[in-house]
Amino acid sequence: MTHRAGRHFLQIPGPTNVPDRVLRAIDRPTIDHRGPEFQAIGFAVLEGMKRVFQTKNPVIIYAGSGTGAWEAALVNALNPGDKVLMSETGHFSTLWSKLAKKVGLEVDVLPGDWRRGADHEAIERRLLEDKSHAIKAVCVVHNETSTGVTTRIPLIRRAIDNAKHPALLMVDTISSLASIDYKHDEWGVDVTVGGSQKGLMLPPGLGFNAVSEKALAAHKQSKMPRAYWDWSEILASNATGFWPSTPATNLLYGLEVAIQMLEEEGYAAVFARHDRHAEATRRAVRAWGLEILCAVPEEYSSALTAVMMPPGHDADRFRKIVLEQFDMSLGTGLTKLSGKIFRIGHLGDFNDLTLAGTLAGVEMGLAVAGVPHRKGGVDAAMEHLAAEATRRSSVR
Ligand code: PLP
């Protein structure tokens, strides 16, 4: 392979660019995971993740990807044959519902068009119809990584409360955690699922379950077969700063530093930065004359933007040109969106100039690929970023 000068732009919506400080933290000798040095790290990350999820309850950290954390949420809090209500918001909600079927749950899916978040009114109606309370959990994806659409979790909570339904609320925040504001306790979520490779700026390999007291009570009654994922065993061990099996020691080094970085910047500033980059990206897309996949402005994602290709133009051919010519990876269209959209990831360790470079790569790529568009997207984004910078510098 030939050497490519400069840094690769990893602008898929996760895994995201891992900052040097996290890489340096991971690049340390692996230590005894039963020793005192590790114990201090164990306690630090377990406490730190509570702040990330905005919860006072425990957060379970697995060596495993987000898919594992999805499975863990279901097998710890439910019983064989239980009914779960899921909303089809895109590729990832669909995968979670398939997983739920595989572990022996009965899945009721509310269909969707992949351009909007979970329909809280439809959820409320379905729960009101469920007089016998057969539905044991409502599962939604906070940020659909395949579409760039968010679901407003407080509306889902309200739908469950309006229906006076006892179902647990389970939420996937794999591509929103630490990028888009998320309040596990305040929003009354019972199990929140997370992963390491997006807003947390780590490599893939850690999965998370934040839990509520109601979820822990359900866990005590849960008879689903499980072993590795069992919350009880892990929580018992975590009480002493350790894990029952070998944890991903070096990823936990990175996690400790990633949490420090988020807290040095401040969570409010992290979320505002993601909002600003998302808004600048949307202005660029509109200036190019292209369409944003998300159909509901209140549900725009601050982590990524999915852009629709003009008919007759293949998004993957365009992505290939951008990769070959400008060394940038953009997100592909998944399953039914294959070839029809590309996704710009603007989450994680990302600043105004990384966004300007990313959008420049997209604009040049559109020209090289012969995709009909207007010039000026990068200018529109820069104008927004400069206005925001002016506002920030004047309030100092
Ligand atoms: N949920 C969402 C929203 C995701 O974006 C992803 C992965 O991108 C997953 C679940 C699956 O996680 P993993 O690929 O880490 O198993």
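Position in the sequence shown (first residue = 1) + 873 = my numbering. Built from N, CA and C at the ideal position, the CB exists for glycine as well.
{"query": "Per DSSP, which one or two residues make a beta bridge with N1016?", "result": "T1023"}
{"query": "According to DSSP, is L883 helix, strand or coil?", "result": "strand"}
{"query": "In three-state DSSP terms, what is A1179?", "result": "strand"}
{"query": "So N930 is in the beta strand (DSSP E); what residue range does that whole segment cover?", "result": "Per DSSP, N930 belongs to no beta strand (DSSP E) and is neither H nor E."}
{"query": "Would you identify the three-state DSSP class for T1280, choosing helix, strand or coil?", "result": "Because the chain in this structure spans residues 874 to 1269, residue 1280 falls outside the shown range and cannot be described."}
{"query": "Alpha carbon to alpha carbon, how far is T1122 from H906?", "result": "7 Å"}
{"query": "Please determine, among Y1126, K1213, G1204, E1197, the residue with the shortest C-alpha to C-alpha distance to R901.", "result": "Y1126"}
{"query": "Count the other CB atoms within 10 Å of the CB of D986; is the residue buried (16 or more) or exposed (fewer)?", "result": "exposed"}
{"query": "Can you tell me whether S1105 is helix, strand or coil according to DSSP?", "result": "helix"}
{"query": "If you measure from each residue's Cβ to the nearest non-hydrogen atom of the ligand PLP, which ones come out under 6 Å, in chain order?", "result": "G887, S938, G939, T940, F965, V1014, T1018, D1045, I1047, S1048, G1068, P1077"}
{"query": "Kindly list the residues whose CB is nearer than 8 Å to the CB of M1097, restricted to its own chain and excluding five residues on each side of it in sequence; keep chain order.", "result": "L947, V948, N949, L951, N952, P953, V976, G977"}
{"query": "Below 8 Å between beta carbons: does that hold for T1024 and C1167?", "result": "no"}
{"query": "Whole-angstrom Cβ separation of G937 and I1132, contact assumed at under 8 Å?", "result": "Actually they do not touch by this definition, with Cβ atoms about 19 Å apart."}
{"query": "Report the option in N930, A1142, A1141, P1170 whose CA atom is closest to the CA atom of R1155.", "result": "P1170"}
{"query": "With distances taken Cα to Cα, identify the nearest neighbour of K1087 among P1076, T1065, K1209.", "result": "T1065"}
{"query": "Leaving aside the five residues before and after A898 along the sequence, list all residues of the same chain whose C-beta is less than 6 Å from its C-beta, in chain order.", "result": "Y1126, G1127, V1130"}
{"query": "Reducing DSSP to helix, strand and coil, say where D986 ends up.", "result": "coil"}
{"query": "Excluding the 5 residues flanking I1194 on each side, which residues of the same chain have their C-beta closer than 6 Å to its C-beta?", "result": "G1238, V1241, A1242"}
{"query": "Please name the residue, chosen from D981, L1135, T1208, K1009, that lies closest to S1052 on a Cα-to-Cα basis.", "result": "L1135"}
{"query": "In terms of residues, what are the limits of the beta strand (DSSP E) holding D1148?", "result": "Segment 1140–1161 is the alpha helix (DSSP H) holding D1148; no beta strand (DSSP E) there."}
{"query": "Whose CA, out of N1016, K1037, V1022, lies closest to the CA of N1046?", "result": "Reading the sequence as shown, one finds Thr at residue 1046 and not Asn. Selected option, being the one with the closest Cα: N1016."}
{"query": "Are the beta-carbon atoms of A973 and I1029 separated by less than 8 Å?", "result": "no"}
{"query": "Does the pairing of the stretch 1215–1223 with the stretch 1072–1085 give three or more beta-carbon distances under 8 Å?", "result": "yes"}
{"query": "For S1118, does the three-state DSSP call read helix, strand or coil?", "result": "coil"}
{"query": "Indicate whether T940 and A1083 have their beta-carbon atoms separated by less than 8 Å.", "result": "no"}
{"query": "Should the stretch 1208–1217 be regarded as contacting the stretch 1254–1261, the criterion being three or more beta carbon pairs within less than 8 Å?", "result": "no"}
{"query": "Give me the Cα-Cα distance between E1236 and H1147, rounded to the nearest whole angstrom.", "result": "21 Å"}
{"query": "What is the DSSP secondary structure of S1267, reduced to helix, strand or coil?", "result": "helix"}
{"query": "Name the DSSP bridge partner or partners of S1202?", "result": "L883"}
{"query": "Are there three or more Cβ pairs, one per stretch, closer than 8 Å when the stretch 874–892 is compared with the stretch 1196–1205?", "result": "yes"}
{"query": "Hey, D1063 and S1085: beta-carbon distance below 8 Å or not?", "result": "yes"}
{"query": "Inspect the beta-carbon positions of S960 and V1013 and report whether they are closer than 8 Å.", "result": "yes"}
{"query": "Taking 8 Å as the threshold (C-beta atoms), are S1118 and A1151 in contact?", "result": "no"}
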